[in-house]
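For the record, in the sequence shown the residue sitting at position 335 is 335 according to my numbering, with numbers rising by one throughout.
Virtual Cβ for every residue (Gly too), placed ideally from N, Cα, C.
These notes are about the structure you will find just below.
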Amino acid sequence: MKWLKSLRMARAVWLALVPLTIVVLALTALRVADAVAEIRRVERLSQGLPATVAMGGLIGALQKERGMSAGFTAGGGAQFGDKLAAQRRDTDAALDAFEAKLAELGDGALSPAQAGRVETALAQLAQVASRRDAVDALSMQPGDVVGYYTSIIRPLIDAVGAPIGANADVDVARGLAAAQGAVEAMERTGVMRAIGSAGFGRGAFSSGEIMRLERLAGERDAFLGVVRQLGGAGQVAALDGHAASEAVRRSEAMLALARGQGLDGDLSSLSGAEFFDAMTARLQGQGAIERALLDGVRARLDAMAEAARTALAVAVAGSVLGLAISLALAMVVAHAIRSALDALTSSALSLAYGDLDAPLPDATPNEIGEMGAALGVLRDNVLEAAAAKLAHDGEAAAREAKDAETAREREAMLLTIQNGVASTRDALDALARGDLDARIEGHHDGAFADLRQSLAATVAMLGGAISEIGDTSAAIVRSVRDIESGSSNLSQRASGQAASLEQIAATMEEMAATVKTNADRAAAAAGQSVEAKAAADRGGEALTDAGAAMERIQRETARIAEMVDVIEGFSFQTNLLALNASVEAARAGEAGRGFAVVAAEVRSLAERSATTAREVREIVNAAGEQVEEGSRLMSSASKALGAIVASIASVADNVGDISGASREQSTGVQEIATSLAQLDATTQENASVADASAASARGLAEQAAKLDALMSGFKRARTARRAA
C-alpha cells in the first residue's frame with residue numbers, strides 16, 4: 001500500500017471516487033436489467049392477449065355450430081338448414097382468423113401449455129369436414145354431435161386459462177381467472193343451448209337430458225360466482241344487469257317449459273330455432289362481460305408496461321445525473337484541498353529551515369486548519385520540548401489503558417454476535433430440513449431479539465400455511481378414494497349386467513328352437529295346435545321376464561349415470577379449488593410459485609377426470625338408448641305372441657294358417673335373439689369402459705397420495721397445535 005500513501009491528495013480523491021462510481025454503475029445496471037425484464041414479461045403477456053381474443057371468437061363460432069348441428073339432427077333436418085350452412089362459413093372464417101393471428105404474432109404468442117391444448121383442438125378440427133357430412137346425412141345422433149364439438153372447444157377453453165398460475169401480478173391473475181370463469185360459464189350455456197335445441201327440435205326430452213340441463217345450470221352459476229368474486233365493481237354491476245335482462249328471463253322460461261313438459265312431449269309451442277335464438281342472446285350478454293374482463297387485463301398490462309418504462313428512464317436519468325454531480329463536486333473538493341495543502345507545505349518548509357517568523361495559513365474548521373494550528377503551537381513551544389515530551393508520555397499510558405478497555409468491550413460484543421449468528425444458523429438449518437418448529441433459542445438483546453421475533457412469526461405463518469395445505473391434500477385423498485370405490489362398484493355392476501344378458505340370450509335361443517319345433521308340428525297335424533298354443537304361452541312368459549330384465553338394466557344404467565354425475569361434481573369442485581389456488585399463489589408472488597405448480601397439476605388431474613366422466617356418460621347414454629330400443633322390440637314381440645295365441649284358440653281347424661303364423665313367430669323370436677346378442681355386446685363394452693374408469697380413478701388416487709406424501713415431508717405437528 002506504499003504507492004497509495006505516496007499519492008498526491010487530488011489524485012487520492014479521484015481514486016476514492018472510482019469504487020463509488022463502479023457501485024453506482026452496477027446498481028444502475030441491475031435496475032435497468034430488472035426494468036427491461038419486467039417490460040419483456042409484460043410484453044409477452046400483452047402479445048398473448050390478441051391470440052386469446054381470436055381464440056374466443058373461434059370458441060363462440062364452434063359453440064353456435066354445435067347448437068345448430070344438434071338441433072338439425074334432432075329435428076330430422078327440418079330446422080336450421082340455411083342457418084347451419086352460414087354458420088359453418090363463419091366458423092371457417094374464425095378458424096382462418098385465429099391461425100392468421102398466430103402466424104402474425106409468431107412463436108411467442110402462446111405459452112407451451114397453451115400451445116399443447118391448441119394443437120389438440122386443431123387435431124380434432126381436422127375431422128370437421130367428415131363430421132359435417134355425417135350431420136347433413138343425419139347419420140350422427142345429437143349426443144354424438146355435442147360430444148364431438150365439445151372435444152374441440154374444451155382444450156381451447158383450457159388454453160384461455162393456462163397463463164393464470166404463471167403470472168406474478170395479482171390484478172392480472174384475478175382478471176385472467178375471472179375471464180376463465182366467464183368462458184367456462186359460456187361453455188355451460190352453450191352446451192345447454194345444444195341440448196335444448198335438440199330437445200325442442202324433436203319435441204321431447206329424455207330424463208337424462210333434463211338432469212344434464214340442471215347440472216349444467218348449476219355449474220354455470222358457480223362459474224359466474226367466480227366472476228363475481230374476482231371481478232371488479234363494474235363486472236358485478238354487469239352481472240346484475242345480465243341476470244335481470246330480458247334474454248335471461250325468456251331463456252329461463254323456456255328451460256322451465258322443458259323441465260315441466262319435456263318428458264311428456266308437449267313442446268309444440270316452441271321450436272328448436274326459437275330456443276337457440278333465446279340462448280344465443282343470453283350468451284351475447286355473457287360474452288360482453290368476458291370481453292370487458294379481457295379489456296381490463298389489457299389495460300392493466302399497458303399500465304404495467306408504462307410503469308416499467310418510466311422506472312427504466314428514471315433509473316438511467318437519475319444515475320447519470322448523480323454521477324455527473326459527484327464528479328463536479330469531486331473536482332471542486334480536490335482543488336480546495338490541493339490549494340490548502342500547498343499553503344501548509346510552504347509554511348512547514350519555512351519552519352523546518354528555522355524561519356520561525358514565517359506566516360502560517362489562516363485557521364479553518366477542518367483537518368488542514370488543525371494542521372496549521374499545530375504548526376503554530378509547535379513554533380510557540382519549541383523551548384518547552386522536554387516538558388511536552390513528558391506530558392506526551394503520560395497521555396500515551398492513559399490511551400493504552402483506554403484501548404485495553406475498548407478491546408475488552410469489543411470482544412464481548414463479538415461473542416454476543418457469534419452466539420446470535422450461531423443460534424440463527426441453527427434455526428435456519430432446521431427450517432431448511434422441513435422442521436417448522438424451528439426457533440432461535442436462548443436469550444438475545446437488541447437486533448438479535450428483533451430477528452428472533454421476526455423469524456418466529458415467519459415460521460408460525462409458514463407452518464399455518466403448510467398445515468392448511470396438508471389438510472386440503474388429505475381432503476383430496478379422501479375424495480379420490482371415494483371416487484375409486486364408486487368406480488369399482490360401477491365395474492362390478494356392469495359385469496353383473498353382462499352376465500344377466502348372457503342368460504337372457506341363452507333363454508331366447510332356447511325359445512327360438514321351441515317355436516321352430518312348434519311350427520313343424522303345426523304343419524304335420526292340427527291336433528298339435530294345443531301344444532303350439534302352450535309353447536306360445538311359454539314364449540310370452542319368457543318375453544315378460546326379458547322385459548323385466550330390460551327394466552332392471554335401465555335402472556342400473558340410471559344408477560351408473562348418477563355415479564358419473566358424482567364424479568363430474570368432484571372434478572368440477574376440484575377445478576374451482578385449483579383455480580382459486582392459482583389466484584392465491586399469484587397473490588403470494590415468488591413465495592407462492594411452487595404452490596402454483598401444485599395447483600396446476602391438481603387442476604390438470606381434475607380436467608382429465610372430468611373428460612373421462614364425460615366419455616363414460618356418453619357410453620352410458622348410448623347403452624340406455626339401445627336398452628329402450630330392446631324394450632320396444634320386446635313389447636312388439638309380446639303383442640305378436642298374443643295374436644298367435646288368439647289365432648290358435650279361434651282357428652284351431654285351419655292348420656295351414658297355424659303353420660304360417662308359427663313360421664312368422666319363429667322369425668320374430670330370431671330377431672329378438674339377434675337384438676339381445678347386440679345388447680349383450682354393448683353391455684360387455686359398458687363393462688370394459690367401467691373397468692377403464694376404475695383404473696383411471698386408481699391412477700388419480702395414486703397422484704393424490706403422492707401429493708399427500710409430499711406434504712408429509714414437513715414437520716408441523718407442534719406448530720399446528722400452537723396455531724390451534
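For M55, is the classification buried or exposed, using 16 other Cβ atoms within 10 angstroms of its Cβ as the cut-off for buried?
Under this definition M55 is a buried residue.
Check whether R174 and L138 have beta carbons under 8 Å apart
Going by C-beta atoms, R174 is not nearer than 8 Å to L138.
Reducing DSSP to helix, strand and coil, say where S139 ends up.
In this structure, S139 counts as coil in the three-state DSSP scheme.
Mapping DSSP to helix, strand and coil, what is Q63?
In this structure, Q63 counts as helix in the three-state DSSP scheme.
In the DSSP assignment, find the unbroken alpha helix (DSSP H) run with S731 in it and report its ends.
Past the boundaries of the shown model lies residue 731; the chain is included only from 1 to 724, so the question cannot be answered.
Cβ shell of A70 (< 6 Å), same chain only, five flanking positions each side left out
Excluding residues within five positions, the ones whose Cβ falls inside 6 Å are P142, V145, V146, A194, S197, A198.
Separation of A643 from L257, as counted between CA atoms
Each residue's alpha carbon lies about 40 Å from the other.
Classification of K64 by the beta-carbon crowding that lies within 10 angstroms, buried from 16 upward
Around the beta carbon of K64, a 10 Å sphere encloses 16 or more other beta carbons of the protein chains shown; the residue is thus reported as buried.
Is the beta carbon of L176 closer than 8 Å to that of A121?
No.
Taking the alpha-carbon of R249 as reference, which of L283, E209, V118 has the nearest alpha-carbon?
Relative to R249, the option among L283, E209, V118 whose CA is nearest is L283.
Quick one: is G76 buried, meaning 16 or more other Cβ sit within 10 Å of its Cβ, or exposed?
Exposed.
Alpha carbon to alpha carbon, how far is S206 from V183? Give it in angstroms, no decimals.
Their backbone Cα atoms lie some 27 Å apart in a straight line.
For A386 and T406, what's the separation of their Cα atoms in angstroms?
With a pLDDT of 39 at A386, under the threshold of 50, the modelled position of that residue is not reliable, and no figure is offered here.
Where F276 falls: helix, strand or coil (DSSP)
In the structure shown, F276 falls within a helical segment according to DSSP collapsed to helix, strand and coil.
Can you tell me whether A129 is buried or exposed? The criterion is at least 16 other CB atoms within 10 Å of its CB, across all chains shown.
Burial check for A129: the Cβ neighbour count within 10 Å stays below 16, so the residue is exposed.
DSSP-derived helix/strand/coil call for E441
Looking at E441 - three-state DSSP - the assignment turns out to be coil, as it is neither helix nor strand.
Could you pull the start and end residues of the alpha helix (DSSP H) that D96 belongs to?
81-105 is the span of the alpha helix (DSSP H), which, as asked, contains D96.
Taking the C-alpha atoms as reference points, what is the distance between Q23 and A308?
First, the amino acid is wrong: residue 23 is Val here, not Gln. The alpha-carbon atoms of V23 and A308 are separated by roughly 22 Å.
Taking the alpha helix (DSSP H) that T120 belongs to, which residues open and close that run?
Counting along the chain, the alpha helix (DSSP H) containing T120 begins and ends at 112-125.
Report back the beta-carbon spacing between A51 and L102 to the nearest angstrom; my notes put them in contact at under 8 Å.
Right, the Cβ-Cβ distance comes to about 6 Å (below 8 Å), so this counts as a contact.
In angstroms, rounded to a whole number, what distance separates the CA positions of V297 and R228?
When rounded, the distance between both Cα atoms is 16 Å.
Look at the alpha carbon of M211 and the alpha carbon of V53, and state the distance between them as a whole number of angstroms.
In this structure, the CA atom of M211 is about 33 Å from the CA atom of V53.
How about E209 and R188: do their beta carbons lie closer than 8 Å?
No, the pair does not count as a contact, with Cβ atoms beyond the cut-off.
Is it buried or exposed for R66, if we count other Cβ within 10 angstroms and need 16 for buried?
So R66 counts as buried.
So, is V320 buried or exposed, given that buried needs 16 or more other C-beta atoms within 10 angstroms?
So V320 counts as exposed.
Would you say D82 faces chain C, with C-beta separation under 8 Å as the test?
Annotation note: the requested chain C is absent from the structure, which comprises a single protein chain.
What do you get for M725, buried or exposed, if any count of 16 or more other CB atoms within 10 angstroms of its CB means buried?
For the chain, the structure presents residues 1 to 724; residue 725 sits outside this window and is missing.
On the criterion of 16 or more Cβ atoms from any shown chain inside 10 Å, does G181 qualify as buried, or is it exposed?
Result: buried.
For E214, the nearest candidate out of R202, R538, V191, G234 (CA to CA):
Closest by alpha carbon: V191.
Please list the terminal residues of the continuous alpha helix (DSSP H) segment that includes D357.
Looking at the DSSP string, D357 is not in any alpha helix (DSSP H), and its letter there is neither H nor E.
For A97, which residues of its own chain have a beta-carbon under 7 Å away from its beta-carbon, when the five flanking residues on both sides are left out?
Close CB contacts of A97 within its chain, under the 7 Å cut and outside five residues either way in sequence, are with A54, G57 (chain order).
Relative to the C-alpha of A29, which residue among E290, A237, A313 is closest?
Checked all of E290, A237, A313; the closest Cα to A29 is A313.
Using the Cβ count rule (16 or more neighbours within 10 Å means buried), how would you classify G262?
With 16 or more other Cβ atoms within 10 Å, it is buried.
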